[in-house]
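Here the protein sequences line up with chains A and B, keeping their order.
Quick note on numbering: numbering that gives the first Met the number 0 labels position 463 of the first sequence as 462, and the sequence is numbered without any gaps.
Quick note on numbering: numbering that gives the first Met the number 0 labels position 7 of the second sequence as 6, and the sequence is numbered without any gaps.
For reference, the structure is listed below as structure tokens.
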Amino acid sequence: MKKTIAAIALCCAAAITLSACGGGDNRENNSVEALVEKYEYQWEDTSAPIVNELGAQELSFHIYSSKNATAKDYNDMDIMQMLYEDTNVFVDWENVSESVYAEQKNLIFGNSNNRPDAVYHAGMSASEIIRYASRNVLLPISDYLEYMPNFSRILEERPDIRQQITNVEDGKIYALPRVEEMGLLQNPNLLFINKNWTVAAIEAGAVSGLSAADVQDGLQLTAAQMEDLLTYFRDHDMNGNGSNDERPMTFVYNNWQGNQCDLYGMFGLNDNTDHRVIVDGKVTYTVLDDRFKEATQFINGWVEEGLIDEVSFEQTQDNFLANGKGTELYGAFYWWESETVVSNPENYVVCRPLVGPDGDQTVCVSNNPEISTGELIIFADTPNVEVLLTYFDRYYDPLISAQINYGPIGIVYEEELDENGMLVQKELPEDKTADELRLENAPLGICYLSDYAWENVVHMEPRARLRLERLEAYATPYVPENVTPVPNLQFTQAELNTLTTYETNIFNYINQHLIDWLRNGLTDGDWEAFKTELQSTRVGLGAVQEVYQAAYDRYAAQN
Amino acid sequence: MKERLREAQGEQAFDGVDQTTGAVGEAMSGQVAEKARLADKFRRSRFARNFKRNWTYLLFLIPAVVVTFIFAYIPIYGILIAFQDYMPGDSILNGYWIGFQNFEEFFGNYVFWDLMINTFLLCILGFIIGFPLPIIVALMLNSTKNKKLSKFLQTLFNGPHFISLVVLVGMLYLFFGRYGLVNNIIESVGGERYSFFLESEAFRPMYILSSNWQDFGWSSIVYLAALSGVDQSQHEAATIDGASRFQRVLHVDFPAIAPIVSVMLIMSIGGLMGVGYEKVLLMQTDGNLVTSEIIATYVYKQGIQNLRQGYATAVGLFNSVINLVLLIIANTVSKRFSENSLF
């Protein structure tokens with residue numbers, strides 16, 4: 000008897016293990032004619048509903064999206080509800096945190112029977128897009144441009160954007176971009192110096208050729224003067240707290256902003272963390288330039304002297320920001336702006352780029368793109384996709400874009416526009432900062448904010464405006480005309496294979512050496528060996544440079 | 000009942016071995032083969048008899064066999080993607096076969112030997128320090144006269160095991176950072192601040208010592224359990240013979256746990272190259288990349304960050320093969336020189 004019971008129990012266990020759960024998509028796909036007939040689908044009038052009430056009830060889309068930790072669930076966001084009321088397109092958002100998305104991205108794509116309809120904040124690289132596209136996983140959005148009036152207009156006005164998002168293999172577009180052109184990203188660093196400390200150093204006679212009256216925004220220093228100042232900061236108890244805790248110069252090494260690259264401007268190099276810029280239409284690697292060696296040796300001198308705090312190579316952005324608060328420790332630092340770094344930004348002045356030993360004066364030109372190309376993708380098997388695309392097209396309407404990016408009317412902006420038709424910032428609620436309010440209420444993601452929007456729809460935030468003014472005065476004028484950043488480029492499958500094979504290795508190879516050299520110095524022999532090895536077929540910089548050049552030539556030929 | 004079960008399992012294993020030798024015999028000569036066949040038949044029938052007698056107990060094995068099969072054997076088909084240009088969502092028998100290209104690329108890659116050496120050194124050094132430490136600790140705790148102190152110390156040593164890796168590395172940054180506790184002490188006694196996280200030489204000691212600090216107490220539990228089974232009469236006999244405490248540890252305690260030690264040794268060697276990527280990745284900086292880039296972090300970077308799952312699987316598969324070879328070598332050596340082996 001017992002045996003029988005045991006056997007039955009085991010069989011049940013086995014049955015449970017083997018039973019699989021099924022699931023599937025049983026939504027009906029309608030042709031455009033059917034959509035028009037049944038749901039009064041329309042796409043031409045960009046302010047009228049896209050489908051009728053019946054469509055609101057019967058059509059739905061499931062969209063997966065990561066969101067930042069402080070944002071509301073997208074289903075509860077005012078801007079999303081407003082979009083639903085305006086368009087009658089029902090979207091069911093599934094939100095996960097950014098870190099969860101990073102882990103789950105492959106699983107979402109891997110679960111081919113049960114994918115969502117679209118992924119917002121998809122963060123797709125060019126290589127991912129091209130490989131999924133070749134497997135027919137992604138919807139070729141460019142086949143449906145007629146249903147996207149706003150977006151097609153943007154593409155017509157801006158062939159360069161079209162160029163950056165068009166797959167070179169088949170000439171189609173597989174992902175919708177996010178465009179936020181404020182002109183803030185190209186030069187990511189500004190040099191700030193402590194006003195009071197500098198004045199103290201000048202009055203003590205530690206530095207020549209400067210008077211206390213010079214110490215204001217726009218201060219121009221030569222490398223020698225900077226060296227004297229930093230030495231003075233290092234050797235004196237500048238903040239008067241009795242301990243030798245001053246950090247003469249600091250930054251966050253190889254960060255996307257506030258990094259060491261501006262220092263290379265002293266030697267006439269427009270370096271960036273990729274070490275890749277366009278000079279006279281040629282893809283140029285700064286690490287192959289002999290001035291790079293001189294600059295590295297020079298900067299290493301400052302590191303060994305303790306003028307550049309060695310923690311700059313070790314600290315994260317969070318450490319850097321935290322240490323700036325409270326007692327003043329920073330003599331000079333590179334960052335996006337001074338306001339977020341130190342408690343008393345009024346004690347710091349913006350400097351012009353340092354003038355190098357040979358009189359060179361330029362800045363970092365970064366490849367941080369203002370157009371992110373893989374922000375939204377739609378899966379190829381989504382039913383009634385025309386409706387969804389028309390819905391997303393609304394995001395590119397200037398007024399909607401502003402709300403997507405900064406927060407909705409009613410919370411962040413006043414209901415009434417001002418006399419010029421621009422959005423008016425509402426007064427902040429007492430318990431929140433502007434950033435907190437924005438992150439809570441704005442989904443960010445796909446939008447189009449460009450010159451037109453800044454002039455006609457929305458004022459830039461005060462912080463962005465301040466930074467833009469500083470850049471226009473102290474950074475942009477120092478960029479030579481023949482130097483431009485590398486834009487988003489599109490590669491062929493073969494080119495991508497070359498890149499995946501070599502790029503990580505090159506990146507590691509350069510970084511391993513660079514940090515060692517900056518901290519411990521380099522000899523001419525090291526430098527020659529490095530250059531030879533870097534260009535050899537083992538590391539493969541030559542092959543990668545060719546790929547970039549070919550892709551850039553294609554890009555340049557069409558603009 | 001236990002004895003019967005053991006007996007049944009023992010005989011089963013025995014049958015398995017003999018069947019294979021029987022098969023070899025067949026090839027040698029007809030007569031011998033005939034004999035072997037008969038013997039085989041006899042054993043078969045004995046096997047059948049045993050099976051009939053013990054089938055209820057064998058039934059209890061089914062869940063274990065099924066679970067192992069489902070979760071350990073079926074997923075092995077996944078290694079097929081090492082031979083493909085795989086993207087998530089592709090079916091496993093898709094058309095993107097590329098043969099051994101992934102392996103060729105890895106072996107030809109200039110980081111290959113660096114990865115191998117870094118992985119090997121990190122693991123072997125960790126093993127040399129980390130393997131004997133818990134044994135020594137267990138022997139010491141066991142022979143402590145003050146049992147209360149021994150229990151207290153054991154608890155104290157176990158504590159760090161429960162710290163999560165992220166927190167542990169956070170602590171390391173706090174203590175060993177440029178403005179951390181250790182550097183503050185160094186400076187206050189007149190030394191120079193030292194960037195532990197930027198110097199490639201500092202990576203291995205810091206990694207290995209922190210790992211061992213975290214786990215030596217926990218790993219000693221298994222030895223303490225074995226030691227609790229040592230026959231007290233042997234200790235009494237040794238005391239009467241005039242053995243000192245140290246001699247008793249050496250000649251009574253240690254031989255008693257030697258089988259466990261050798262099994263643990265084989266298992267550790269089998270997992271020698273299987274170091275996880277998490278902690279290494281957390282401790283990695285540009286400065287220590289020269290020593291801190293190991294196979295596991297490389298697999299992570301290629302597979303997850305670069306989305307080259309096929310390539311990453313190939314590298315991981317290669318790593319597993321090394322582990323398997325090490326395991327077999329360790330097991331064979333152990334079988335040769337002692338009675339103990341895993342299989």
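Quick reminder that beta carbons are idealized off the backbone N, C-alpha and C, glycines included.
A quick note: this is a predicted structure, and the numbers were derived from the prediction, not measured.
Asked, Found
"Going by C-alpha to C-alpha distance, which of A:A379, A:T197, A:Y554 and A:A401 sits closest to D142 of chain A?", "A:A379"
"Could you tell me the alpha carbon to alpha carbon distance between N299 of chain A and Q489 of chain A, rounded to whole angstroms?", "37 Å"
"For S209 of chain B, go through chain A and note every residue whose CB falls closer than 7 Å to its CB, in chain order.", "Going along chain A, no residue has its Cβ under 7 Å from S209 of chain B, so there is no contact; the nearest lies around 17 Å."
"Do you know whose CA, among B:G107, B:C122, B:S218 and B:A81, lies nearest L138 of chain B's CA?", "B:S218"
"According to the neighbour-count rule (16 or more other Cβ atoms, all chains shown, within 10 Å of its Cβ), is I61 of chain B buried or exposed?", "exposed"
"Do N366 of chain A and E285 of chain B count as a contact pair if the criterion is CB distance below 7 Å?", "At residue 285 of chain B the sequence reads Asp, which differs from the Glu that was named. No; because the gap between Cβ atoms is not below 7 Å, this pair is not in contact."
"So which residues on chain A does V110 of chain B lean against when the C-beta distance must stay under 7 Å?", "N504"
"Put S60 of chain A into one of helix, strand or coil per three-state DSSP.", "A quick correction: the sequence has Phe, not Ser, at residue 60 of chain A. In the structure shown, F60 of chain A sits in a strand (DSSP, three-state: E or B)."
"Taking only the alpha-carbon atoms, compute the straight-line gap between N243 of chain A and M459 of chain A and give it to the nearest angstrom.", "41 Å"
"Where do the N-terminal and C-terminal ends of the beta strand (DSSP E) with K281 of chain A fall, by residue?", "K281 to Y284"
"The alpha helix (DSSP H) that contains C122 of chain B, what's its start and end?", "F111 to G129"
"Please classify R247 of chain B: is it buried, with 16 or more other beta-carbons within 10 angstroms of its beta-carbon, or exposed?", "buried"
"Report the residue from A:S400, A:P148, A:G257 and A:E468 whose alpha carbon sits nearest the alpha carbon of I78 of chain A.", "A:S400"
"Return the Cβ separation of Y63 of chain A and P115 of chain A in integer angstroms, given the expectation that the two are a contact with Cβ distance under 8 Å.", "4 Å"
"Quick one: what's M225 of chain A bridged to in DSSP?", "Partner(s): none; M225 of chain A has no beta bridge."
"To test your reading of the DSSP string, which unbroken beta strand (DSSP E) runs of 3 or more residues are found completely within the region 84-112 of chain A?", "90-96"
"What's the C-alpha gap between N182 of chain B and Y193 of chain B?", "7 Å"
"Around the Cβ of S337 of chain B, are there at least 16 other Cβ atoms within 10 angstroms (buried) or fewer (exposed)?", "exposed"
"For a contact meaning CB atoms closer than 8 Å, what does G286 of chain B contact in chain A?", "F312, E313, I514, D515 and R518"
"Using DSSP with H/G/I as helix, E/B as strand and the rest coil, what is Q256 of chain A?", "coil"
"So, at 6 Å on beta carbons, what are the nonlocal neighbours of K324 of chain A in its own chain, with the 5 sequence-adjacent residues on each side left out?", "S342"
"Which residue marks the beginning of the alpha helix (DSSP H) containing T238 of chain B, and which one marks its end?", "Q231 to I239"
"Closer than 8 Å by C-beta to M421 of chain A: which residues in its own chain qualify, once you throw out the five before and the five after it? Chain order, please.", "N455, V456, V457 and H458"
"Taking C-beta to C-beta, are N330 of chain B and I265 of chain B nearer than 7 Å?", "yes"
"Take the Cβ of K66 of chain A as the centre, count every other Cβ of all protein chains shown within 10 Å, and call the residue buried at 16 or more, exposed below.", "buried"
"Is it true that the CB of E127 of chain A sits closer than 7 Å to the CB of L155 of chain B?", "no"
"For P176 of chain A, which of helix, strand or coil comes out of DSSP?", "strand"
"Anything in the region 186-200 of chain B with a Cβ closer than 7 Å to a Cβ of chain A? List those residues in chain order, please.", "S194, F196 and L197"
"Anyone know if the C-beta pair for T249 of chain A and Y347 of chain A falls short of 7 Å?", "no"
"In chain order, what residues of the same chain have a beta carbon less than 7 Å from the beta carbon of F174 of chain B, not counting five sequence neighbours either side?", "L180 and V181"
"How do the region 94-106 of chain A and the region 430-448 of chain A stand: do at least 3 beta-carbon pairs fall below 8 Å, yes or no?", "no"
"Relative to the C-alpha of Y451 of chain A, which candidate in A:E84, A:V136, A:A132 and A:E179 has its C-alpha closest?", "A:E179"
"Counting only beta-carbon atoms, is R130 of chain A nearer than 7 Å to chain C?", "Among the protein chains of the structure shown, namely A and B, there is no chain C."
"Taking a cut of 9 Å between CB atoms, which residues from the region 96-109 of chain A lie near chain B?", "A101, E102, K104, N105, L106, I107, F108 and G109"
"Measuring alpha carbon to alpha carbon, tell me which of B:T290, B:S187, B:A236 and B:K147 ends up nearest P204 of chain B.", "B:T290"
"The beta strand (DSSP E) spanning I277 of chain A covers which residue range?", "R275 to V278"
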